[in-house]
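Peer 1:
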Amino acid sequence: MAKSKTAYVCENCGQESSKWIGKCPSCGQWNTFKEIRIMAESGANAAKSTALNVRAAKAANNNRPLHLREISVKDEPRISMNDLELNRVLGGGLVKGSIILFGGEPGIGKSTLMLQTLIRMPEHKILYVSGEESSHQLKMRAERIGPTDNENMMILCETSLESIFEQIQNVQPDIVVIDSIQTISTIDIDSSPGSITQVRECAAALLRFAKTSGIPVILIGHINKEGTLAGPKILEHIVDTVIQFEGDHHHMYRILRSIKNRFGSTSELGIYEMQQNGLRQVNNPSELLLTQDHEGLSGIAISSVIEGARPFLVETQALVSSAAYGTPQRSATGFDQRRLNMLLAVLEKRVGFKLMQKDVFINIAGGLRVNDLAMDLSVIAAVLSSNVDTAIEPGWCMAGEVGLSGEVRPVSRTEQRVAEAEKLGFSHMLIPRHNFQSLKQKQFKIELHPVRKVEEALRILLG
């Protein structure tokens, strides 16, 4: 009987070692090496592995380097997902032979989105492999989402990789979905499902299958407590596309964001709205992310932001009140906490507003998390509007980055931001003065107000 040997693998980057190491020499993380057991091959298995390696070596010897001019360029054939938002994030559709990693927090709607998308693709034969739910549970969810008359949709509840490959051979599907990769295991590895070695080896086997057969594979993955995809970091390196599904459980909106894409841009993003019967595509997020009536309410400012390649308007809400305890609170929902502290310091030092003994709360309406630096101007405007309890007049929006000297720095793609604000009926917009120089020749119905410093912007808005 073959003896098993012990090895240590870094759970962050996949670096292997024959002994335990405190600090990973590859990624620099501490206490990430975990012990795994590896079954040694013997007899027929060893002979089979040797034969496969010999054939692979012979195939590699037939390969030769090519001149760049000899390589033909052609567009990759894509499979339409019948979902405009998902197609946009994928770069136009699903590429044949690609492998996609689809991640998100538990309960965010990963399986629901994937199931409702695949049900609406009756022209393709699909094998949905579930290692977490029973076929009865999937049937109930599918009936809640909509019609289930897709004859080409097949469900397989299985966790063994060998059994999955056997059923793929029998069914011959056009698309394979694995939900989730952390539940799949192979008998070649002597460890529990979800371990570093199991996830890595199963993903590598599915990658070889996708590239050799031309059948696209979608892997659904979990998110750990740090907010990153669970499993070894090498899992994100071997796949072609990494897509993350984000959102707040207490709000209805979800964002589909591409982190890595070998067949398209990573600057695209899709927006969905969670409803009783599944996820609905949001084609115009600006109208949904703005409160219908906020006239006369202080602490509200509208900002024109760009997430990915899409411009849309978001509502920034602020509340400033006297600190009830010795240390004032600083809280931000949907906005970077450290960025908020920096902006409040700019107001203290450069503008002269004393907020040292005030609690400051910031919220981005709709439960979204926005990383665009053009939000700075609206955050400062909302904070001061709440501090003096004076509402910003309706019809105003703004975009601008605030520097440490209190200057309003230029932002990118200003023309798209202005066009989006004009489309939604805004009549006035604050923009950095540097950006105004390039927009002077443009014909906009909206009135543009160029500003160079924060004081100028506040004087225009609050008088």
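Residue numbers (the numbering used here): 161 to 623. Built from N, CA and C at the ideal position, the CB exists for glycine as well.
1. What's the gap between the Cα of HIS397 and the Cα of SER464?
2. In angstroms, rounded to a whole number, what distance separates the CA positions of GLU615 and ARG440?
3. Given a cut-off of 7 Å on the beta-carbon distance, is the pair ILE286 and LEU278 in contact?
4. LYS613 to LEU590, Cα distance in whole Å?
5. Can you check the region 463-505 for any beta strand (DSSP E) of at least 3 residues that lies completely inside it and give the ranges in chain order?
6. Just to check my reading of the structure: VAL480 and ASN421 have Cβ atoms closer than 8 Å, yes? What is that Cβ distance to the nearest angstrom?
7. Could you compute how far the alpha carbon of PHE369 sits from the alpha carbon of GLY257?
8. Skipping 5 residues on each side, what residues in its chain have a beta carbon closer than 7 Å to that of ARG280?
9. Is ILE606 helix, strand or coil when you go by DSSP?
10. Pull the bridge partners of PRO592 from the DSSP assignment, please.
11. Report the option in GLY291, GLN276, THR550, GLY252 whose CA atom is closest to the CA atom of MET313.
12. Look up CYS122 in the DSSP assignment and say whether it is helix, strand or coil.
13. Inspect the beta-carbon positions of GLN358 and GLY263 and report whether they are closer than 7 Å.
14. CB-CB under 8 Å to LEU449, same chain, minus the five flanking residues each way: which ones, in chain order?
15. Only counting the same chain, and skipping five residues up and downstream in sequence, which positions put a Cβ closer than 7 Å to that of PHE604?
16. Using CA coordinates, which residue listed in ALA364, VAL331, VAL530 is at the minimum distance from ASP400?
17. Using 7 Å as the threshold, is the C-beta distance between GLY555 and HIS609 below it?
18. Only counting runs of 4 or more residues, tell me where the alpha helix (DSSP H) segments fall wholly within the region 283-367, in order along the chain.
19. Whole angstroms is fine: what's the gap from ALA478's alpha carbon to ILE268's?
20. Would you check if the distance between the CB atom of LEU533 and the CB atom of MET558 is smaller than 7 Å?
21. Quick check on SER418: does DSSP put it in helix, strand or coil?
22. Helix, strand or coil: which one does DSSP assign to LYS179?
23. Residues in its own chain within less than 6 Å of GLY468 by CB, not counting five upstream and five downstream?
24. Beta carbon of GLU236, beta carbon of VAL255: below 7 Å?
25. Given a cut-off of 7 Å on the beta-carbon distance, is the pair CYS362 and ILE344 in contact?
26. Measuring straight from C-alpha to C-alpha, what distance separates THR272 and GLU406?
27. Anyone know if the C-beta pair for ILE305 and TYR288 falls short of 7 Å?
28. Decide if LEU212 is buried, meaning its Cβ has at least 16 other Cβ atoms within 10 Å, or exposed.
29. Per DSSP, LYS518 is paired with what?
30. In its own chain, which residues sit with a C-beta less than 7 Å from the C-beta of MET434, not counting the 5 before and 5 after it?
31. Span of the beta strand (DSSP E) holding THR401?
32. Quick check: what's the CA-CA separation for PHE586 versus ILE460?
33. Going along the chain, which unbroken runs of the alpha helix (DSSP H) with 4 or more residues stay wholly within the region 511-558?
34. Going by other Cβ atoms of all chains shown within 10 Å of its Cβ, with 16 needed for buried, is ALA541 buried or exposed?
35. Can you tell me the Cα-Cα spacing of ILE347 and GLU322, whole angstroms?
36. Where does VAL578 sit, in a helix, a strand or coil, going by DSSP?
Peer 2: Taking the coordinates as given:
1. Each residue's Cα considered, the two are about 34 Å apart.
2. Here the alpha carbons of ARG440 and GLU615 stand approximately 42 Å from one another.
3. Against a cut-off of 7 Å, the Cβ pair of LEU278 and ILE286 comes out as a contact.
4. A straight line joining the alpha-carbon of LYS613 with that of LEU590 spans about 11 Å.
5. Taking only runs of at least 3 residues, the beta strand (DSSP E) segments lying wholly in the region 463-505 are 470-482, 490-493.
6. Their Cβ separation, rounded to whole angstroms, is 41 Å, which puts VAL480 and ASN421 out of contact at 8 Å.
7. Going by the C-alpha atoms only, they are around 8 Å apart.
8. Excluding positions up to five away in sequence, the list reads ASN242.
9. Looking at ILE606 - three-state DSSP - the assignment turns out to be coil, as it is neither helix nor strand.
10. According to DSSP, which records beta bridges pairwise, PRO592 is partnered with VAL611.
11. Checked all of GLY291, GLN276, THR550, GLY252; the closest Cα to MET313 is GLN276.
12. For the chain, the structure presents residues 161 to 623; residue 122 sits outside this window and is missing.
13. Against a cut-off of 7 Å, the Cβ pair of GLY263 and GLN358 comes out as no contact.
14. Around LEU449: TYR413, PHE472, LEU473, VAL474, GLU475, ALA525, GLY526, LEU528.
15. Excluding sequence neighbours, PHE604 sits near VAL578, GLU582.
16. Looking at the Cα atoms, ALA364 is the closest of the given residues.
17. No. Outside cutoff.
18. If we require 4 residues or more, the alpha helix (DSSP H) runs fully inside the region 283-367 come out as 295-305, 321-331.
19. Cα-Cα distance, rounded: 27 Å.
20. For LEU533 and MET558, no; Cβs fall outside 7 Å.
21. Strand at SER418.
22. LYS179 falls in the coil class under three-state DSSP.
23. Taken in chain order, the residues that qualify are SER427, GLU428, LEU429.
24. Yes.
25. Contact flag set, yes.
26. Each residue's alpha carbon lies about 14 Å from the other.
27. No.
28. Annotation note: pLDDT 40 at LEU212 (below 50); position unreliable, no value reported.
29. In the DSSP output, where bridge partners are listed per residue, LYS518 has SER482.
30. GLY269, MET412, ARG414.
31. First-last of the beta strand (DSSP E) with THR401: 401-407.
32. Straight-line spacing of the CA atoms in PHE586 and ILE460 works out to 15 Å.
33. Segments of the alpha helix (DSSP H) lying fully in the region 511-558: 536-547.
34. The residue in question, ALA541, is buried, as its Cβ has 16 or more Cβ neighbours within 10 Å.
35. Spanning the alpha carbons of ILE347 and GLU322 requires a straight line of approximately 8 Å.
36. Helix at VAL578.
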